[in-house]
Structure formats: C-alpha cells, structure tokens
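Numbering (my numbering), first residue to last: 74 to 754.
Heads up, the beta-carbon is just placed ideally off N, CA and C, and yes, glycines get one too.
The structure appears below as structure tokens.
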C-alpha cells in the first residue's frame with residue numbers, strides 16, 4: 074500500500090474551487106491516502122504539543138490547520154460511499170471506520186493537548202481574542218470535554234474501545250439496511266396492477282426491472298422511510314399492501330441483513346459511554362451540548378404537541394373511512410390506504426389533487442426557475458452550469474455560483490436520481506468547507522432520490538419531491554453562504570437541533586407567488602399551474618397534519634426511548650419495545666405507523682441524529698417564526714435576504730445558535746406560529 078505524489082489526494086486540488094479531481098480518483102487511492110493522512114495529522118498534533126509556549130495561534134489555530142490531507146480523502150470517500158457505493162467501497166469503509174474512530178480519539182483524548190486548551194481557556198479573558206476566535210476556544214474546550222479528554226487514563230482507554238466498536242456497528246447497520254431495502258423491492262408481474270400511475274412512472278418501474286434483468290416486469294424499489302410515494306396513486310389495494318408491508322419489515326426479517334441485535338448493542342454501548350461522562354443516559358449526554366439542554370426540555374415541547382397531533386390524526390382517519398364507505402369499499406382503513414384516500418378527501422374537501430401537480434413540476438424548471446430563482450431574488454447569487462467540471466457520478470451536475478457583484482462564491486453539485494448504489498433519502502454535504510483561514514470557498518452537494526425516467530422522458534417531481542428539493546437547497550445555502558474564518562464553524566457546523574432550521578425556512582418559497590409563477594408550468598403546454606389549485610392548496614395548510622405530525626413524533630419518541638435507556642436496561646424484542654414506547658406516549662394509532670422503525674432508522678443508527686431526531690420539530694419552532702417574519706416584512710426581497718444572510722446564514726456555527734436567531738429576529742422564538750401552522754393550537 075503505497076502513498077506517493079501521484080495519489081490525487083497528495084496535494085490540494087488545482088482545479089477551480091479545489092474541486093476534487095474525480096477523473097483521477099480510483100478505489101485504490103483511498104486507503105493509502107487515509108493512512109498517510111492519519112500519520113500526517115498525528116505528526117502535526119505532536120508538533121503542537123511540543124511547543125514550549127502555549128498560545129492561541131500555536132494551539133487552536135494550528136489545530137484548525139491540521140489534518141488537511143485526511144480531511145480531503147474522508148470528505149470525498151464518504152460522499153462517494155453514500156452517493157455511489159460498491160462492494161469495494163463497502164470493504165474500505167469497514168476498514169476505515171474503526172481506525173478513524175481510534176485516530177480521532179488519540180487526538181481528542183490526548184491529555185497534553187487538552188491541557189494546552191484548558192490553559193488557554195482559563196486565560197481567555199486576557200487573550201484579547203475577536204468574537205469568532207473566542208467562541209472557537211470555547212467550542213474546542215467543550216468539544217474535548219464532550220469527547221472525554223478530562224477522563225482518567227483507564228476511562229479514556231475504555232472510551233476508545235466503545236467508540237471503535239460503535240463505528241463498526243454504524244457501518245454494518247447502514248450497509249445492511251441498504252442491502253435489505255434493495256432486496257425488498259416489489260416485483261410486479263402485470264401492468265394492470267400499476268393502474269393509477271402515469272406513463273412515466275410505469276416506464277420508470279419497467280426500467281428498474283430491466284436493470285435487474287427482469288424484462289417484461291416492473292419493479293418498485295423501497296425508500297428509506299415508511300411507505301412509498303406511489304401509495305397515493307396506486308388503485309390496486311393488494312399492491313399497496315405489499316409495498317407497505319415490505320417497507321415496514323426492512324432489516325428485521327431474521328436474515329443476514331437483520332439489524333436488531335446491532336440496535337441492542339448500539340444502545341447499550343452508547344449508555345455505557347454516557348456513564349463515563351457522568352450522565353445517566355446517552356440522551357442526557359447528547360442534549361447537554363445542544364440548544365435543548367436536556368431531554369426533559371424536549372419532552373415538555375413534544376408532550377404539548379402529541380395529544381393534539383393524534384387527535385387530529387384520528388379525525389382525519391374518520392374522513393378517510395367515510396370516503397372508503399362512500400365507495401362501498403367494505404374494509405377498515407389501514408396504513409396502506411391512507412395516502413391514496415387522503416388524496417380523495419383532499420379533492421372532495423378542498424378541490425385539490427396533488428397528483429395532478431406533477432406535469433407542472435418538471436425537474437429542470439423547478440431547479441432553475443424555482444430554487445435558483447428564489448435564491449437570486451433573496452441573495453443576489455446566480456448559477457451557471459459547468460459541464461466541463463467532472464463530479465463523482467455521471468448524474469451529478471456542477472454549477473458555479475457567483476455573488477451579485479460577480480465574485481465567485483461556491484460550487485454546487487446536484488445529484489437528483491435514485492440508484493441502487495445510493496443510500497435512501499435526501500441530504501446535503503460538503504466537498505470543501507468554506508474557510509478564510511485555509512483560503513477555501515465551499516463546494517456543496519445536494520442528493521435526492523428521484524426515480525430516473527427512461528432516456529428522453531422528462532423528470533416530473535411529486536409535490537413532496539419538489540418540497541424536498543427546496544428543503545435540501547436550504548442546507549446548501551447555509552453551506553454556500555458561509556463566511557467564517559475557521560473551518561470548525563463552516564456552514565452547517567451548528568448544533569444538531571438547529572441545523573434543520575434554515576432548510577425548513579427555504580421550503581416557504583416553493584409556493585410563494587412570485588416563485589411558483591416562475592417555475593410551475595406544464596412541461597408540454599407551458600400552461601401555468603392554475604391559481605385556483607394554488608389557492609386551494611394554501612387553504613389546506615393544516616390538512617393531513619395530524620398524520621404527518623403523529624408519524625414524525627413516533628419516530629422522535631423512538632429515538633429518545635432507545636437513548637434514555639441506562640446501561641442496565643435489558644431489551645428483549647425490538648418490535649415490542651417500539652410498540653410500548655409509542656403507546657406510552659399516547660401516539661399508538663395503527664393507520665399511522667412511525668415514519669421510521671428502529672430497523673431502518675438510519676438517522677440515529679447510521680447518521681448523526683442519535684438523541685437528536687427531535688431537532689426537526691425543535692428547529693421548526695424557529696422556522697415558523699421566521700416565515701412569519703418574512704411575510705410581515707415584504708417576503709422575497711434583497712433587503713430581507715441580506716439580513717437573513719448577514720445575521721445568521723453566513724455565520725455558520727461561529728456564535729451561540731440561539732443568539733444568532735435573536736440577532737436575526739430581534740427576539741426569542743415562540744411556539745405559537747408552529748402550533749398554528751400544524752393546526753395544533
């Protein structure tokens with residue numbers, strides 16, 4: 074395993090914006106660069122520790138500069154392994170994960186290094202630091218304590234063992250869930266079973282079957298959450314049931330992809346680790362460093378919302394049952410009926426059929442004339458596609474982003490389509506973090522999982538997929554508009570229960586009059602989306618929010634239930650544990666299953682949301698308040714955009730998150746706008 078100057082990770086990229094040289098990167102480059110990066114990083118840390126004097130520059134700033142080779146390889150590798158994995162990459166990840174955990178522990182648990190940080194922290198008042206530097210010192214001190222640097226030698230050794238094992242479990246969990254989801258794709262033998270789908274959707278299912286060598290059949294791949302977007306259109310109840318059942322049993326079938334034992338070990342080790350830090354549970358440990366502060370504060374908010382949510386869900390179910398009975402359906406509502414009949418009820422009550430929106434949501438128009446258009450109106454930034462710049466997959470497109478004055482701002486990589494090599498869901502990540510210290514501009518990636526139509530066919534988005542695109546681009550804006558000195562604070566490097574706030578705000582522009590009029594046009598006729606439809610849709614803001622809120626809360630409660638277990642807790646059957654946790658919160662209602670069951674809850678077992686999935690609704694309190702502010706201050710204007718950008722988006726994590734919100738809003742957030750939006754007041 075040789076690392077030399079020919080390895081594409083050996084030096085900072087010479088391409089524009091330091092775009093990684095994807096044309097040169099091969100699987101065999103990752104491991105040599107990883108090990109060389111670890112060695113170089115440790116050497117840089119050793120140099121810091123050996124400095125006689127302890128200064129902010131030779132300790133904190135030096136640490137911000139350290140590890141650049143390792144960062145280059147990891148940021149590319151994990152982007153690739155999530156967006157376009159392979160057996161070779163899976164094997165590399167299995168090797169890297171525990172070694173990376175050990176490497177980071179060797180730095181964060183280094184007593185000599187921590188002593189330097191502690192010394193500076195004790196002298197912080199005399200260092201005359203600017204505000205961002207002072208916050209950086211504060212965060213490093215807290216980061217190291219949160220990582221266990223203050224522990225005894227024996228406890229640090231124990232902690233390193235826990236961390237290494239947890240990194241292995243996280244990799245295994247993610248790989249098994251993806252494998253089982255692929256295995257559970259529903260194969261359809263007759264096109265008649267697909268009644269209700271559009272020609273494009275049927276062609277997409279045929280193409281998915283062909284890719285699996287199943288000519289003459291149709292395949293409906295699983296998604297990572299409970300249910301499936303096609304459930305709202307399929308008239309065949311038996312097929313809807315097959316899809317929902319397969320969705321609910323992902324990674325829990327007792328086969329080689331079953332993750333239930335992994336989950337039990339996960340929560341036990343996380344609880345053991347929390348005890349080392351003096352916390353009773355992992356949830357206490359995590360929330361102590363978030364804006365929530367404690368699990369109790371989270372429960373206070375969730376318990377205020379839960380009873381109204383499930384009450385509304387039951388009322389919605391009665392409306393659906395009435396629709397079923399009106400058709401002489403002869404059956405009681407089940408989870409696989411909800412989306413289909415919700416659309417019937419929506420049509421009957423509000424004359425809105427969201428399935429008819431698809432011809433008006435053609436991907437290119439949504440992206441260019443919707444998402445980009447709103448960003449230009451707000452922030453003055455413009456987008457130009459760069460077909461000459463190569464990304465990590467042929468489907469990934471690269472856009473150059475400029476400020477209003479023409480100065481270069483960022484690169485934006487857009488990867489819309491689903492594939493078996495891509496994990497489920499939608500997300501944003503970075504290929505380069507913005508930092509004045511390192512002289513780097515950001516490269517931001519948005520991933521979606523939209524079914525790819527056959528060649529020559531348009532990509533028509535569902536209402537939810539369009540909303541997701543606006544949401545994820547909110548994360549992208551947070552990254553692209555970053556204007557901080559230190560990489561530690563770049564873009565979305567904020568508390569987990571704050572990070573969803575800007576992305577949720579960006580959803581508001583999807584149906585904002587000036588925006589929707591610009592992009593929502595029929596892909597064949599060019600006809601605008603009827604204003605009557607938009608008005609009727611706006612009138613349904615609280616429609617189906619009982620279901621949406623209950624489904625979300627069930628998942629948030631599951632996350633907390635798992636991570637409020639102490640190390641002595643014994644979990645027998647995972648499914649029983651789930652059911653009891655949801656029932657104890659009063660959220661058990663069979664037609665509304667949890668958005669994520671434990672066995673495919675990748676947010677908390679293969680992502681960074683453990684004890685933090687509540688953050689979506691916690692952030693929505695800030696989001697709802699912000700939407701009210703925009704509406705009351707003229708909406709989509711450059712003045713408003715500049716204020717949001719300058720006081721909050723550009724600041725990343727360079728200040729206390731709630732103080733950033735106060736700087737933007739001029740006051741603390743109130744929960745009332747959220748309750749009103751969701752019909753829970």
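Proximity to residue i [Cα-Cα], best of the options
i	options	result
residue 665	672, 652, 676	652
residue 434	597, 136, 630, 180	597
residue 255	320, 629, 312, 237	320
residue 166	156, 176, 151	151
residue 268	285, 246, 291, 550	291
residue 226	179, 631, 717	179
residue 752	375, 636, 633, 615	615
residue 147	114, 132, 671	114
residue 510	438, 288, 118, 133	133
residue 247	644, 336, 172, 202	336
residue 609	250, 422, 533, 746	422
residue 294	316, 149, 286	316
residue 304	287, 322, 270	270
residue 768	736, 730, 700, 667	Residue 768 is absent from the structure shown; the chain starts at 74 and stops at 754.
residue 312	410, 363, 741	410
residue 240	274, 412, 168, 201	168
residue 416	583, 575, 447, 617	617
residue 745	189, 307, 377	377
residue 129	123, 206, 105	206
residue 504	95, 80, 339	95
residue 592	196, 696, 446	446
residue 224	426, 492, 243, 185	185
residue 99	79, 116, 87	79
residue 500	541, 214, 408, 530	541
residue 195	297, 210, 363, 204	210
residue 672	127, 242, 172	242
residue 595	583, 531, 245	531
residue 660	628, 403, 580, 457	628
residue 695	675, 721, 674	721
residue 740	149, 192, 731	731
Supposed close pair residue i, residue j - CB separation, criterion 8 Å
i	j	result
residue 299	residue 669	7 Å
residue 557	residue 507	7 Å
residue 92	residue 484	6 Å
residue 577	residue 693	6 Å
residue 707	residue 562	Actually they are not in contact, since the Cβ atoms of residue 707 and residue 562 sit about 30 Å apart, beyond 8 Å.
residue 637	residue 356	5 Å
residue 547	residue 515	With a Cβ gap of about 15 Å, residue 547 and residue 515 do not count as contacting.
residue 574	residue 444	Between residue 444 and residue 574 the Cβ distance is about 18 Å, and since that is not below 8 Å, they are no contact.
residue 138	residue 82	Not a contact, Cβ separation roughly 17 Å.
residue 109	residue 162	Their Cβ separation, rounded to whole angstroms, is 19 Å, which puts residue 109 and residue 162 out of contact at 8 Å.
residue 569	residue 680	About 10 Å; that fails the 8 Å criterion.
residue 527	residue 276	5 Å
residue 220	residue 181	4 Å
residue 486	residue 606	Their Cβ separation, rounded to whole angstroms, is 33 Å, which puts residue 486 and residue 606 out of contact at 8 Å.
residue 490	residue 461	Not confirmed; about 21 Å, so no contact.
Beta-bridge pairing of residue i - partner residues as DSSP gives them
i	result
residue 472	458, 485
residue 293	259
residue 601	594
residue 533	435
CB contact check: residue i to chain C, cutoff 8 Å
i	result
residue 319	Chain labels in this structure do not include chain C; a single protein chain is all it has.
Fully enclosed by the segment 314-401, which alpha helix (DSSP H) runs are 4 residues long or longer?
333-349, 355-360, 368-399
Is it true that the segment 341-352 meets the segment 222-234, where meeting means three or more beta-carbon pairs spaced less than 8 Å apart?
yes
Touch test, the segment 679-690 against the segment 521-536, Cβ-Cβ under 8 Å, three pairs minimum:
no
For the segment 251-277, which segments carrying the beta strand (DSSP E) assignment without a break, of at least 3 residues, lie completely within its bounds, in sequence order?
259-261
Is the segment 616-629 touching the segment 371-388, taking contact as three or more C-beta pairs under 8 Å?
yes
Which whole runs of the alpha helix (DSSP H) in the segment 603-639 are 4 residues long or more, in chain order?
604-611, 618-636
May I ask you to verify whether the segment 597-612 touches the segment 368-379, counting CB pairs closer than 8 Å and requiring at least 3?
no
Flag this pair as touching only if the segment 709-727 and the segment 450-462 have three or more C-beta atom pairs under 8 Å; answer yes or no.
yes
Counting only runs that start and end within the segment 489-531, where is the beta strand (DSSP E) found for 3 or more residues in a row?
500-505, 516-523
Spell out a yes or no on whether the segment 259-266 and the segment 233-248 are touching, meaning 3 or more CB-CB pairs, one atom from each, closer than 8 Å.
no
At a cut of 8 Å, does the segment 316-334 reach the segment 423-434 through at least three beta carbon pairs?
no
Evaluate the contact criterion for the segment 385-401 versus the segment 278-290: three or more CB pairs, one atom per stretch, below 8 Å.
Contact check between the segment 385-401 and the segment 278-290: fewer than three CB pairs, one atom from each, fall below 8 Å, which does not count as touching.
Would you call the segment 492-505 and the segment 155-165 in contact, with 3 or more CB pairs under 8 Å?
Three or more beta-carbon pairs separated by less than 8 Å link the segment 492-505 to the segment 155-165, which places the two stretches in contact.
4-residue-minimum alpha helix (DSSP H) runs that sit fully inside the segment 703-747, ordered along the chain
711-720, 730-738
Write down every uninterrupted run of the beta strand (DSSP E) in the segment 666-694 whose length is 3 residues or greater and which is fully enclosed by it, in chain order.
Qualifying beta strand (DSSP E) stretches: none in this window.
With a floor of 4 residues, list each alpha helix (DSSP H) that falls wholly inside the segment 557-583, ordered by position along the chain.
573-579
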